[in-house]
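Colleague: Mind looking over this structure? Questions follow.
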Amino acid sequence: MPALAINRDRLWSDLMTLGCLGATPRGGSDRLSLTDADRDARNLFVHWCAEAGLAVTIDAMGNVFGRREGADPSLPPVLAGSHLDTQQPGGKFDGPLGVLAALAAVRAMNAAGIVTQRAVEVVNWTNEEGARFAPGLMGSGVFAGKLDLAATHATADRGGATVGAELARIGYRGAAPCGGRAVDSYFELHIEQGPVLEAAGRVIGAVTGSHYMLYLGLECLGENGHAQSLPQARRRNALYGASRLVAEIEAIGDAHAPAGTASAITMDVWPNNRINIAHRAVFAASVVHPAREGVEAMEAAILAAMARIADETGLALSVVSRMRRDPIVFDAGLAEETLRLAAARGHSAMPALTRPGHDAFNLSAICPTALIFVPCLDGVSHSELERASLEHCAAGAEILLDHMLNRAGRAN
Ligand SMILES: [Zn+2]
């Protein structure tokens, strides 16, 4: 059978149209999970699913599935998708590309009149980003049995709104159970969010696995006092101690670059007003390295810096939470298949590792999973300046389509 064509202009127009929901001044999107803008994006996705003849199901986590039935509905389906939520602000491609390319693949099957053996489902996972509700990879985490549904519904944002209540508010707390069903395989197309493909001049990345990741929740405790009258020598300013550690963490990242990265990423300060010396700062650091020893060396350096700063300032610095993620290893056969499919379509390709987490991490725990990368301009992502080309998006969608057809064509 000749290779099916993706309607690349439609894919591009879908990406640009969806990007207008929560549009930001510099060409990005602001669609934090379960906000009105996220609801609008979901509604448009559901509309496009119905237009493509898909049967839409919404589960208890608000994950949205558009199903194209197969010849044998009893066989576990092939899933393909990603997420429609963004950071604040984010770009037009991180997430939407994987969802809309899967939709484009289904439209190509429709146009060719293909009946697959297995059903194919296009999926939008809830709260991939974790920018509003932590942790990220939330909808896929519950689906894969890694997160508890009730605890996840009770998770609150900084303003106290919970996932469960916000799902209900925007009309996406669905009736279908979340997960607990067999899935044949999962495919996710995503921009690389790094510079490797672009530098190598390759169009397709066959992702074989991920890096080591460490998240450290940190706290600095000092003493409150009047910001204008407390003698300098008696000040125990928690903001100062935290800031010194922030600078140290950045220097530790610099020392392990380019393979390693380390940065402080958030900070809350109490009481955070103009007339009090801060008595408490809570902040966090993200550490990533391809090797376990690299992460361990950076963590040891951070702990040493904490001890030194505490010693020099009299402030109390501590690690209050610690989350470590060992690398994911994706299905090797599917990653090799990505390289073969790319060659057959005439797209240059190479094996790749991902630094960020993706919903594919969770799915890989329950079914054979492939993550496929295409380049983004200068490796920039989580930014309004995130850009990817029509040609690269379409090439990735072709590989996604070929994977879906291969898997969905299987009778057993
Ligand atoms: Zn993403």
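In this note's numbering, the protein residues as written are 1034 to 1445.
We put the CB at the ideal spot given by N, CA and C, even for glycine.
#1: Taking the runs of the beta strand (DSSP E) that are 3 residues or longer, which of them lie wholly in the stretch 1250-1335?
#2: With a cut-off of 8 Å on the beta carbons, I'd call residue 1318 and residue 1282 a contact; round off their distance for me.
#3: Could you tell me whether the stretch 1385-1394 touches the stretch 1212-1230, using the rule of 3 or more Cβ pairs below 8 Å?
#4: On the criterion of 16 or more Cβ atoms from any shown chain inside 10 Å, does residue 1264 qualify as buried, or is it exposed?
#5: Enumerated in chain order, which unbroken segments of the beta strand (DSSP E) with a length of 3 residues or greater are wholly contained in the stretch 1062-1131?
#6: Would you call the CB atoms of residue 1272 and residue 1314 closer than 8 Å?
#7: Going residue by residue through the stretch 1153-1219, where are the continuous beta strand (DSSP E) segments of at least 3 residues, counting only ones entirely within it?
#8: At 4 residues or longer, what runs of the alpha helix (DSSP H) sit wholly inside the stretch 1328-1416?
#9: DSSP on residue 1237, reduced to helix/strand/coil?
#10: To which residues of the same chain is residue 1215 closer than 6 Å at the C-beta, ignoring the five residues directly before and after it?
#11: Determine contact between the stretch 1249-1266 and the stretch 1429-1445, defined as no fewer than three beta-carbon pairs at a distance below 8 Å.
#12: Tell whether a beta-carbon distance below 8 Å holds between residue 1177 and residue 1396.
#13: According to DSSP, residue 1224 sits in a beta bridge with which residue or residues?
#14: Considering just the uninterrupted stretch of the alpha helix (DSSP H) at residue 1060, what are its terminal residues?
#15: Among the residues of its own chain, which have a CB less than 7 Å from the CB of residue 1145, if the five just before and after it don't count?
#16: Do residue 1118 and residue 1154 have their beta-carbon atoms positioned less than 8 Å apart in this structure?
#17: Does the separation of the CB atoms of residue 1432 and residue 1405 fall below 8 Å?
#18: Keeping to the same chain, check which residues put their C-beta closer than 7 Å to that of residue 1070; ignore five residues upstream and five downstream.
#19: Could you name the residues, in chain order, whose CB is less than 5 Å away from a heavy atom belonging to ligand 1?
#20: For the alpha helix (DSSP H) that contains residue 1244, what are its first and last residues?
#21: Nearest to residue 1042 by CA position, among 1219, 1425 and 1247, is which residue?
#22: Report, in whole angstroms, the separation of the C-beta atoms of residue 1159 and residue 1172, which I expect to be a contact under 8 Å.
#23: I think residue 1249 touches residue 1342, with their Cβ atoms under 8 Å apart; what is that distance to the nearest whole Å?
#24: Flag residue 1359 as yes if its beta-carbon sits less than 8 Å from any beta-carbon of chain D, otherwise no.
#25: Taking the continuous alpha helix (DSSP H) assigned at residue 1442, which residues delimit it?
#26: What is the rounded straight-line gap between the Cα of residue 1059 and the Cα of residue 1067?
#27: What is the DSSP secondary structure of residue 1432, reduced to helix, strand or coil?
#28: On the CB-based measure, 16 or more other CB atoms within 10 Å of its CB, does residue 1351 come out buried or exposed?
#29: Taking a contact to mean a Cβ-Cβ separation below 8 Å, would you say residue 1111 touches residue 1151 in this structure?
#30: Return the first residue and the last residue of the alpha helix (DSSP H) that residue 1050 is part of.
#31: Do the stretch 1121-1133 and the stretch 1230-1239 meet, that is, are 3 or more Cβ pairs less than 8 Å apart?
#32: Express the C-alpha separation of residue 1095 and residue 1323 in angstroms, rounding to a whole number.
#33: With C-beta atoms as the reference, is residue 1091 less than 8 Å away from residue 1205?
#34: One question on the structure: do residue 1427 and residue 1044 come within less than 8 Å of each other, judged by their Cβ atoms?
#35: Tell me the rounded alpha-carbon separation between residue 1357 and residue 1394.
#36: Which residue's Cα is closest to the Cα of residue 1403: 1192, 1238 and 1191?
Modeller: Let's see:
#1: Runs of the beta strand (DSSP E) lying entirely within the stretch 1250-1335, each at least 3 residues long, are 1294-1303 and 1313-1322 in chain order.
#2: 5 Å
#3: yes
#4: exposed
#5: 1088-1091, 1097-1101 and 1111-1115
#6: yes
#7: 1153-1157
#8: 1365-1378 and 1392-1396
#9: strand
#10: 1109
#11: Because the criterion of three Cβ pairs below 8 Å is not met, the stretch 1249-1266 and the stretch 1429-1445 do not touch.
#12: At the C-beta level, residue 1177 and residue 1396 come within 8 Å of one another.
#13: 1407
#14: Careful: residue 1060 lies outside any alpha helix (DSSP H) and carries neither H nor E.
#15: 1037
#16: no
#17: yes
#18: 1054, 1055, 1063 and 1064
#19: This selection yields 1127 and 1128.
#20: Where residue 1244 is concerned, there is no enclosing alpha helix (DSSP H), given that its DSSP letter is neither H nor E.
#21: 1425
#22: Residue 1159 to residue 1172, Cβ: 3 Å. Contact.
#23: That belief does not hold up - the Cβ atoms of residue 1249 and residue 1342 are roughly 15 Å apart, past 8 Å.
#24: Although the question refers to chain D, the structure presented lacks it and comprises just one protein chain.
#25: No alpha helix (DSSP H) holds residue 1442; DSSP gives it neither H nor E.
#26: 23 Å
#27: helix
#28: Burial call: exposed.
#29: yes
#30: Taken as a continuous stretch (DSSP letters only), the alpha helix (DSSP H) holding residue 1050 covers 1041-1052.
#31: no
#32: 33 Å
#33: yes
#34: yes
#35: 14 Å
#36: 1238
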